[in-house]
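Visitor: Pasting a structure here, questions to come.
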Amino acid sequence: MIRIFPSLRFTSLLSAAKPLCSYSPAREPPASFTEAKSSPETNSLSITPKTPLFLRTPSHATSLSEVWKWHDWAKDLASSVEESSKNSEDVLDSVILLRELKWLIEDSIVDDPLVILHRSEISDNGEKNVKLRASLEELYDLWRQRIEKRRPFQYVVGCEHWRDLVLCVEEGVLIPRPETELIVDMVEELVTRDEWFKKGFWADLGTGSGAIAIGIAKVLGSRGRVIATDLSPVAITVAGHNVQRYGLEGMIEVREGSWFEPLKDLEGKLVGIVSNPPYIPSDDIPGLQAEVGKHEPKLALDGGIDGTDSLLHLCHGASRMLQRGGFFIFETNGEKQSKMIVDYMMSNDLKDCFSDLKIVSDFAGINRFVTGFRL
Amino acid sequence: MSSTSKAWLVAASIGAVEASKDQLGMCRWNYLIRSVNQRIRNNVRSASQANRFSSSTAVASVKDDNKAKQAEESLRTVMTVPSNGLSTRLCSILRYSSSVDGGGSSSGDFGSANDSVSVVVDVQSPNYLKFTDDELMKQCRLETFRVSGPGGQHRNKRDSAVRLKHLPTGIVAQAVEDRSQHKNRASALNRLRTLLAIKVRNKVDLDAYAPPPELLQILPPKSTIRTSSGSQIGPNNPKFVPGMQALLDVISASDGSIADSAKLLGLSTGGLSRLILSHDGLRMAVNSMRAAKGIKPLK
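In the order they appear, the protein sequences are chains D and H.
Counting with the UniProt record's numbering, you get residues 1 to 375 for the letters of the first sequence.
Counting with the UniProt record's numbering, you get residues 1 to 299 for the letters of the second sequence.
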């Protein structure tokens with residue numbers, strides 16, 4: 001169904017070492033209350049997912065001394081980042097960069113990374129040949145992109161470690177955040193308490209890389225079913241690819257479309273809905289950390305004026321789509337949004353639709369999630 | 001603080017001295033625990049009430065509930081008494097004390113042991129190492145390192161570091177190296193187990209010493225007390241950790257003497273030294289015990 005051509009991706013990766021604007025996807029319809037129809041021209045089957053570094057064939061080789069030279073250069077570059085921005089969130093952190101460099105080495109160099117990192121133990125003057133998954137030239141390009149263009153590390157290596165998974169990600173797909181890991185924990189807790197939830201249909205709305213869908217599929221057990229939807233064709237491709245990599249095609253179906261639009265056949269039948277929808281207020285986007293604001297898809301971030309456009313839409317959808325007793329978790333940007341969503345779900349049209357509404361905080365103490373049950 | 005709570009604190013400090021093998025006092029002790037627990041629960045719940053919305057649908061901050069649960073847990077776990085029970089004298093102190101003051105050396109806040117280096121609880125505490133990962137995690141507060149700001153979608157900084165604070169003992173373990181927060185949680189928990197083994201001492205009776213199975217399995221085959229023929233669990237095996245704790249309990253009870261401990265374990269002094277030197281944390285713990293007794297360190 002989805003075919004991967006690693007060699008094709010290599011050329012496109014080189015051409016990616018060009019101005020910033022080529023990273024952002026061209027199509028970015030703003031989030032709105034009404035369901036948008038998916039455009040028929042951008043057929044997701046015509047997009048091939050990029051191969052992450054760690055899965056590429058190690059078809060390159062170079063001498064250890066050349067690798068050391070690159071490593072020294074990369075370390076210097078990482079250590080010399082200046083605090084050019086007033087916004088403390090936007091500053092590159094050398095400590096974090098050096099850690100990322102270590103991970104880049106793990107993903108791109110085949111031999112034991114310690115060989116690269118602990119040179120004193122090597123006595124042969126670096127003559128030994130080292131196998132690489134990318135050419136040395138590309139390694140220079142990639143690290144330059146990271147530092148100079150602020151390209152997110154995860155796009156550079158093509159993957160993100162999230163929970164116990166390694167997910168392929170690329171430009172056009174939101175990089176799954178550590179906070180979102182908790183959603184899977186909460187679902188796991190629920191289904192352990194009540195096996196009823198293991199037997200029905202779950203929906204992951206705005207699935208992006210497929211992270212949450214895959215995470216919950218693994219805790220639902222063999223009877224579980226997850227439908228993952230996303231408006232973006234790139235996301236559909238990448239999510240489908242990740243689902244395949246984890247052998248979960250039998251459990252997870254990826255459907256292209258806006259929110260609940262592709263789920264009409266399941267109205268009133270879902271036992272669970274999970275979502276990490278775009279929740280950043282539009283005005284905040286320009287001020288975001290460069291890796292996020294300039295490289296990750298606006299479609300996945302922009303939640304309108306208050307950041308709540310998508311969330312409010314999901315509230316209505318939850319009342320329509322969940323069956324009695326069904327459960328939902330929505331991720332928000334924290335304090336104010338969570339309260340606002342809970343209030344919204346207790347008033348007007350949605351009054352008396354939900355029970356047991358809760359605000360759950362993440363490990364940093366922010367009131368990050370709203371959960372509840374359909375009455 | 002109520003007189004009952006004060007009495008409880010006195011009991012805790014006396015219990016350190018008085019713990020004995022008498023099979024007495026359990027029911028009175030349990031009553032005291034229950035009433036103090038109820039008090040704590042009420043206090044914490046009233047704090048979280050302030051956060052509730054005034055509507056028919058109950059909305060609560062689960063975080064506060066967790067804190068309440070953790071406070072309860074920490075209380076409960078510290079106060080669990082083994083089947084040894086307490087001496088009669090201790091129980092009568094509990095029953096008759098009304099205006100006791102100043103006896104308790106610890107503050108009421110078992111949730112924060114400030115000095116994370118010293119031995120933590122002398123009363124026979126529950127063996128935390130026997131808890132499952134889930135149970136142990138429930139006793140901890142998990143924190144992620146973060147700078148100010150909303151986090152979540154707003155931020156992409158690969159610092160999925162976590163810090164785990166074990167509330168009953170105050171011991172903190174952290175992990176930064178793994179690429180996912182989830183994996184760092186697991187690493188931190190393993191690290192916590194090692195720290196618990198190193199820092200929490202259980203009393204052992206050297207006169208009637210029966211080494212537990214977790215200790216036997218880390219001893220070399222040469223040991224004359226080794227019963228099973230299974231292979232020796234090495235220092236990199238997670239099962240080494242509970243054995244290490246039991247070993248440190250013996251060495252501590254022997255005042256840091258390797259020779260005495262070795263005899264109890266059916267080993268030569270050299271054999272035991274080798275075992276101790278095989279694990280950095282174990283070596284450092286033994287050497288700090290020896291330093292405290294004025295004995296020179298093992299090398």
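Beta carbons are placed, not taken as given, at the ideal position from N, Cα and C, and that holds for glycine.
Model, not experiment: these values are computed from the prediction.
So, using beta-carbon positions, are R163/H and Q174/H closer together than 9 Å?
Guide: Result yes, Cβ atoms of R163/H and Q174/H sit closer than 9 Å.
Visitor: Could you tell me which chain H residues have their CB closer than 8 Å to the CB of V292/D, listed as they occur along the chain?
Guide: Simply Q153, H154, R155 and N156.
Visitor: Just the chain H side, please: which residues come within less than 8 Å of E245/D by C-beta, in chain order?
Guide: The identity of residue 245/D in the sequence shown is Arg, whereas the question assumes Glu. Those within 8 Å of R245/D in chain H number zero; the least Cβ separation is about 16 Å.
Visitor: Is there a Cβ from chain D that is less than 9 Å from the Cβ of Q174/H?
Guide: False, the Cβ-Cβ gap to chain D never drops below 9 Å.
Visitor: Would you call the CB atoms of L97/D and A78/D closer than 9 Å?
Guide: In this structure, A78/D lies closer than 9 Å to L97/D by Cβ.
Visitor: In angstroms with no decimal places, state the Cα-to-Cα distance between L132/D and I116/D.
Guide: Answer to the nearest angstrom: the Cα atoms are 12 Å apart.
Visitor: Scan the region 208-283 of chain H and note each continuous alpha helix (DSSP H) run of 4 residues or more that stays entirely inside, going in chain order.
Guide: Counting whole runs of 4 or more residues, the region 208-283 of chain H contains the alpha helix (DSSP H) stretches 213-216, 240-253, 258-264 and 269-277.
Visitor: Along the region 280-291 of chain D, what residues have a CB closer than 9 Å to any CB found in chain H?
Guide: Here the close residues are I280, D284, L288, Q289 and E291.
Visitor: Given this structure, state the Cα-to-Cα distance separating K203/H from S254/H, to the nearest angstrom.
Guide: K203/H and S254/H: Cα-Cα distance of roughly 11 Å.
Visitor: Any beta carbon of chain D sitting closer than 9 Å to that of Q232/H?
Guide: It does not; no Cβ of chain D falls within 9 Å.
Visitor: Rounded to whole angstroms, what's the CA-CA distance from R158/H to K128/D? Just pull it up for me.
Guide: So the two alpha carbons sit approximately 32 Å from each other.
Visitor: Go ahead and label M79/H buried or exposed: buried means 16 or more other beta carbons lie within 10 angstroms of its beta carbon, across all protein chains shown.
Guide: Because the pLDDT of M79/H is 31, which lies under 50, any placement of that residue in the model is unreliable, and the number read from its coordinates should be weighed accordingly. Per the 10 Å Cβ criterion, buried.
Visitor: Report the rounded CA-to-CA distance for K263/H versus V191/D, giving the unit in angstroms.
Guide: Cα-Cα distance, rounded: 52 Å.
Visitor: In chain order, what residues of the same chain lie with their CB nearer than 7 Å to the CB of V219/D, ignoring the 5 residues before and after it?
Guide: Cβ within range, chain order: V184, V187, E188 and V191.
Visitor: From which residue to which residue does the beta strand (DSSP E) around L205/D run?
Guide: Note, L205/D: beta strand (DSSP E), F201 to L205.
Visitor: Can you find a C-beta in chain D that's less than 9 Å from the C-beta of P211/H?
Guide: So no, P211/H is outside the interface.
Visitor: Just to confirm the assignment, what range does the beta strand (DSSP E) spanning H60/D have?
Guide: Element bounds for H60/D: H60 to S63.
Visitor: Identify which residue in V200/H, A188/H and N156/H has its Cα closest to the Cα of D93/D.
Guide: Of V200/H, A188/H and N156/H, the residue nearest in Cα terms is N156/H.
Visitor: Does any CB atom of chain H fall closer than 9 Å to the CB of L174/D?
Guide: So, interface residue.
Visitor: Kindly give me the distance between the Cβ atoms of I214/D and N242/D, rounded to whole angstroms, as I take these residues to be in contact under 8 Å.
Guide: Yes, I214/D and N242/D are in contact; Cβ-Cβ is about 6 Å, under 8 Å.
Visitor: Of all the residues that make up the region 241-265 of chain H, which are near chain D by a beta-carbon distance shorter than 8 Å?
Guide: The region 241-265 of chain H vs chain D, Cβ under 8 Å: nothing.
Visitor: What residue ranges within the region 149-174 of chain D form continuous alpha helix (DSSP H) runs of no fewer than 4 residues, ordered along the chain?
Guide: Listed in chain order, the complete alpha helix (DSSP H) runs (minimum 4 residues) inside the region 149-174 of chain D are 153-157.
Visitor: Since Q139/H meets chain D, which of its residues come closer than 9 Å, beta carbon to beta carbon?
Guide: Per Cβ cutoff of 9 Å: no residues; Q139/H is ~16 Å from chain D at best.
Visitor: From I252/D to M340/D, what does the alpha carbon distance come to, in whole angstroms?
Guide: If I take the Cα positions, the gap works out to 32 Å.
Visitor: Below 7 Å between beta carbons is the criterion; list the residues of the region 126-140 of chain D that meet it against any residue of chain H, in chain order.
Guide: So nothing in the stretch comes that close.
Visitor: Would you decide whether R56/D is buried or exposed? Buried here means 16 or more other CB atoms lie within 10 Å of its CB.
Guide: Buried: at least 16 other Cβ atoms inside 10 Å.
Visitor: Can V156/D and R146/D be called in contact, C-beta distance under 9 Å?
Guide: Yes, Cβ-Cβ distance for V156/D and R146/D is below 9 Å.
Visitor: Q323/D and G240/D: beta carbons closer than 9 Å?
Guide: Not a contact, by the Cβ cut-off of 9 Å.
Visitor: How would you list, in chain order, the residues of chain A whose beta-carbon sits under 9 Å from the beta-carbon of P238/H?
Guide: Any reference to chain A falls outside this structure, whose protein chains are D and H.
Visitor: Are the CB atoms of P277/D and F303/D within a distance shorter than 9 Å?
Guide: Checking the displayed sequence, the identity of residue 303/D turns out to be Gly instead of Phe. Against a cut-off of 9 Å, the Cβ pair of P277/D and G303/D comes out as a contact.
Visitor: Do you know offhand how far V200/H's Cα is from G266/H's?
Guide: One C-alpha to the other measures close to 24 Å.
Visitor: Since P221/H contacts H279/H with CB under 8 Å, what's their CB separation in whole angstroms?
Guide: With 8 Å as the limit, P221/H and H279/H do not qualify as a contact, their Cβ atoms being about 18 Å apart.
Visitor: Taking a Cβ distance cut-off of 8 Å, strictly less, list which residues of the region 96-107 of chain D are near chain H, in chain order.
Guide: Against chain H - using a Cβ distance shorter than 8 Å - the residues of the region 96-107 of chain D are I96, R99, E100 and W103.
Visitor: Assuming F260/D contacts G206/D (C-beta within less than 8 Å), just tell me the rounded distance between them.
Guide: Rounded, the Cβ-Cβ distance is 11 Å, inconsistent with contact.
Visitor: Would you mind giving the Cβ-Cβ distance between V169/D and V238/D, rounded to the nearest angstrom? I have them listed as a contact below 8 Å.
Guide: That belief holds up - the Cβ atoms of V169/D and V238/D are roughly 7 Å apart, short of 8 Å.
Visitor: Given a cut-off of 9 Å, decide if A364/D and S174/D are closer than it, judged by their beta-carbon atoms.
Guide: Looking at the sequence provided, one finds Leu at residue 174/D rather than Ser. Contact flag unset, no.
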